[in-house]
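J.:
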Amino acid sequence: MHDTDTATGSSGDLAVDIAGLTRVEGEGSLRLKVRAGVVEQAHLEIFEAPRYFERLVVGRTPDEVIDIVARICGICPVAYQMTAVHAFEHGLGISIDPAVRSLRRLLYCGEWIESHALHVYLLHLPDFLGYASALELAHDQRATVEAGLRLKKAGNQIVALLGGRAIHPVSVRVGGFSRSFRRSEIRALREPLTGALEVALQTVDLVAGLDTPHFERSGRLVALRHPDGYPMNEGRIVSSDGLDLASTDWRTEFSEQQVGWSNALQSRDRAGQPYLLGPMARITLSGGQLHPTAAAALARTGLAGEIAVNPYRSIVARAVELVDATAEALDIVEAYQPPADPRQPWTPGPGTAAWATEAPRGLIFHAYDLDDRGLVTHAQIVPPTSQNQAAIEADLAAFAPSVLDLSRDEATLRIEQLIRSYDPCISCATHFLDLSVEALG
Amino acid sequence: MTSLPGAQPGAEVSIDRRSDEVQVEILICGSIDRGDDGAACVAGAALSTLLPPDVRLRVVGQLDIDDLLAIPAGAPIVIVDAATGLRPGQVVDLPIEELIRGKELIHPRSSHALALPEVIGLAELLRGRPLQGRIVAVGAEEFGLGRGLSRRVDGAIPTLVEAVRAAAERLRHDSGSGGQA
């Protein structure tokens, strides 16, 4: 359901204008111009309306903020909740029960499973198998799509239980959760997760065998790293070129900037360069912390090196992370003991709160200032897609010359497929408000 | 401005009913927090007192394939959503199959990554039978963050409510339940 205008020529010219990108979350377009083999323009245009969340949370309590930011995205609300709750707890010096920490990790696993299963099976896989949509794929390969939906449903069940509902969960509170979870409730997840792990392992084998275009990107990869496990709720910010930074200090290395063609802010590092977040970066920078089952699955593919440079292989990275999230979720379910108190008491007060976690699409950073009453006076919310936008454009510019000799349809498909490799969530990217006030008179 | 207490995704606005009693299921799509995207939620609140016991109203938010797979066998549905491609405030009532065939006509907004026709198509394929029913959509103009409908969409809510009620009643009648809603 989109208009595409592509022109290729033997002189090395290419103009691609995809007015409505499909199989991405939200609404955006691509404008790409190559003249005589030289890329003149590569703009990922995000034109969904800005959504004002950073202003909306001003004057709110931390617990209200946690529920409000979950509304930024229907695919990854847990990422917003986790980042905000950890920021507030760190800023206010609140320690949580280890069992609460495990439950939060389980909740995040649920979101990763939901999001990755949706992307791998319904958004990205049709590209590789020659189908225009998941519906066409399902007509020919019903069992494949059913497997993906089964995986996604297991993630939904985790989020629905721990979050209180499957979309826009409501149970996360500063200090813990709004209620306690009985062992029997958590144990009920064992059966769907056991089946999901089997499907996730099959998914790795399926996607590792896909024929992917050859492309080697260069540029910085950035992710969290934590000594105790694959990065999700916590860790230090590390990069492929040696950065090692506390997650609270994102702003010392990175900053947001406005560009004329997008309603989303872009992010760049201190040197003004784009950087890439997400499954490719995590596997590359924290692959040593994968769950043993996921590490074995990755090793079987033999693709760890290619995942580091070829975005088309991100589907393999996502599949490995599906195994990781499912296997870890099962471990948490098996070992679960209810916390003594689901919610630590705390006292509102002033402070600065900042934290980063790993959303399915990559590192997400929040920062809040709190006044004496403990109400938010300023917020900064930096989702992964807006951070990745500049890297996506740089990669498109590097990749475009390689499709000049392809047919119009094939060139367009390769380019759209490349964009989908980053799983951009445009709804997330346009959450901000860039407010300017002009003084008159 | 019309308000909507309690209409959140996952909520059943009406009294819970056993699935074997349900003759028609109404699926309310959209988000009350995103301007006109909340039009169906507003209509749903008004409908909750107008429906007979065998019509179930469910607020699904973003319509998911699982929502459609959960529809009881043989129960027709009414999907209610805000859409672009219509005049703001314009209400249309289409058979589901027409939405899938004529997908350029209107664009319901509430299925996120997958277009609504694709969600319906996948559900039909996996159920092994077509979904029966209608989609009742209202043309929307403002999807920005914040509660409250634009003037023309707010003015169309009574029409939307009546269109949904009438569609459910027709489907209920066709499925053999009879009586007046």
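Residue numbers (this note's numbering), protein chains in the order written: chain A, -7 to 433; chain B, 201 to 381.
Virtual Cβ for every residue (Gly too), placed ideally from N, Cα, C.
It should be emphasised that the depicted structure is a prediction, and the values quoted were computed from it without experimental measurement.
Determine the direct distance from the alpha carbon of A:A76 to that of A:E46, and round the result to whole angstroms.
T.: Rounded to the nearest angstrom, the two C-alpha atoms are 12 Å apart.
J.: Flag this pair as touching only if the stretch 373 to 385 of chain A and the stretch 260 to 274 of chain A have three or more C-beta atom pairs under 8 Å; answer yes or no.
T.: Contact holds: three or more Cβ-Cβ distances are below 8 Å.
J.: Look at the alpha carbon of B:G274 and the alpha carbon of B:P295, and state the distance between them as a whole number of angstroms.
T.: Whole-angstrom Cα-Cα distance: 16 Å.
J.: Any C-beta of chain A within less than 7 Å: which residues of the stretch 230 to 245 of chain B qualify?
T.: Those residues of the stretch 230 to 245 of chain B that come within reach of chain A (Cβ to Cβ, closer than 7 Å) are D233.
J.: Can you say whether B:R234 is buried or exposed, counting buried as having 16 or more other CB atoms within 10 angstroms of its CB?
T.: Classification for B:R234: buried.
J.: Starting from B:L294, follow the beta strand (DSSP E) in both directions and report where the run begins and ends.
T.: That run of the beta strand (DSSP E) goes 291 to 295.
J.: What's the gap between the Cα of B:Q332 and the Cα of A:L322?
T.: Spanning the two alpha carbons is a distance of roughly 38 Å.
J.: To the nearest angstrom, report how far apart A:L185 and A:D5 are at their CA atoms.
T.: Each residue's alpha carbon lies about 50 Å from the other.
J.: Runs of 4 residues minimum, wholly inside the stretch 114 to 156 of chain A: which ones carry the alpha helix (DSSP H) assignment?
T.: Counting whole runs of 4 or more residues, the stretch 114 to 156 of chain A contains the alpha helix (DSSP H) stretches 117 to 121, 126 to 132, 134 to 155.
J.: Just how far apart, CA to CA, sit B:D281 and A:L362?
T.: Near 38 Å, if we compare the C-alpha coordinates of A:L362 and B:D281.
J.: Would A:A91 and A:P330 qualify as a contact pair, given that the criterion is a beta-carbon distance under 9 Å?
T.: Their beta carbons are under 9 Å apart, which means A:A91 touches A:P330 by this criterion.
J.: Determine whether the Cβ of A:R212 lies closer than 9 Å to any Cβ atom of chain B.
T.: Chain B, which has no Cβ nearer than 9 Å to the Cβ of A:R212, makes this no.
J.: Mind pulling the chain B residues with CB within less than 8 Å of A:R134?
T.: What A:R134 touches in chain B: L325, L326.
J.: With distances taken from CA atoms, which of A:C65, A:E103, A:P205, A:G187 is nearest A:Q303?
T.: Note that residue 303 of chain A is Pro in the sequence shown, not Gln. The candidate whose alpha carbon is nearest that of A:P303 is A:P205.
J.: Return the first residue and the last residue of the beta strand (DSSP E) that A:Y72 is part of.
T.: Premise fails: A:Y72 lies in the alpha helix (DSSP H), 69 to 84, not in any beta strand (DSSP E).
J.: Count the other CB atoms within 10 Å of the CB of A:P161; is the residue buried (16 or more) or exposed (fewer)?
T.: Its Cβ being crowded by 16 or more others within 10 Å, A:P161 is buried.
J.: Looking at the strands, I want to know which residues DSSP matches up with A:F246.
T.: In DSSP, A:F246 forms a bridge with A:D261.
J.: To the nearest angstrom, report how far apart A:P352 and A:L367 are at their CA atoms.
T.: Each residue's Cα considered, the two are about 29 Å apart.
J.: Is B:I228 helix, strand or coil when you go by DSSP?
T.: Strand.
J.: With 16 as the cutoff for other CB atoms within 10 Å, does A:Q249 come out buried or exposed?
T.: That one is exposed.
J.: Tell me, please, whether the CB atom of A:I159 is closer than 9 Å to any CB atom in chain B?
T.: Answer yes: the Cβ-Cβ gap between A:I159 and chain B drops below 9 Å somewhere.
J.: Terminal residues of the continuous alpha helix (DSSP H) containing B:G355?
T.: It spans 351 to 355 - the alpha helix (DSSP H) in which B:G355 sits, taken as one unbroken run.
J.: Where does A:A124 land, buried or exposed, given buried means 16+ other C-beta within 10 angstroms?
T.: Burial call: exposed.
J.: Name the residue from A:T244, A:L153, A:V50, A:G140 whose alpha carbon lies nearest to the alpha carbon of A:L193.
T.: Minimum Cα distance to A:L193 is reached at A:G140.
J.: Per DSSP, what kind of secondary structure is B:F343 in: helix, strand or coil?
T.: It is coil, neither helix nor strand.
J.: Check whether the stretch 249 to 259 of chain A and the stretch 272 to 291 of chain A touch, using three or more Cβ-Cβ pairs below 8 Å as the test.
T.: Short answer: they don't touch.
J.: What does B:L263 reach in chain A if we use C-beta pairs closer than 9 Å?
T.: Chain A residues near B:L263: none, gap ~11 Å exceeds 9 Å.
J.: If we define contact as Cβ-Cβ less than 9 Å, is A:S170 a contact residue for chain B?
T.: Taking Cβ atoms only, chain B never reaches closer than 9 Å to A:S170, which makes this a no.
J.: Alpha carbon to alpha carbon, what distance is there between B:P272 and A:E183?
T.: Taking the straight line joining both Cα atoms gives about 24 Å.
J.: Within the continuous alpha helix (DSSP H) that includes A:A287, where are the two ends?
T.: Its alpha helix (DSSP H) spans residues 284 to 293.
J.: Is A:Q258 buried or exposed, if buried means 16 or more other CB atoms sit within 10 Å of its CB?
T.: Label assigned to A:Q258: buried.
J.: With a CB to CB cut of under 6 Å and the five nearest residues on each side skipped, what residues in its chain are close to A:R262?
T.: The residues are E245.
J.: Can you check DSSP and say which residues form a bridge with A:H218?
T.: Beta-bridge pairing links A:H218 to A:G221.
J.: For the beta strand (DSSP E) that A:G343 lies in, which residues bound it at each end?
T.: First-last of the beta strand (DSSP E) with A:G343: 343 to 351.
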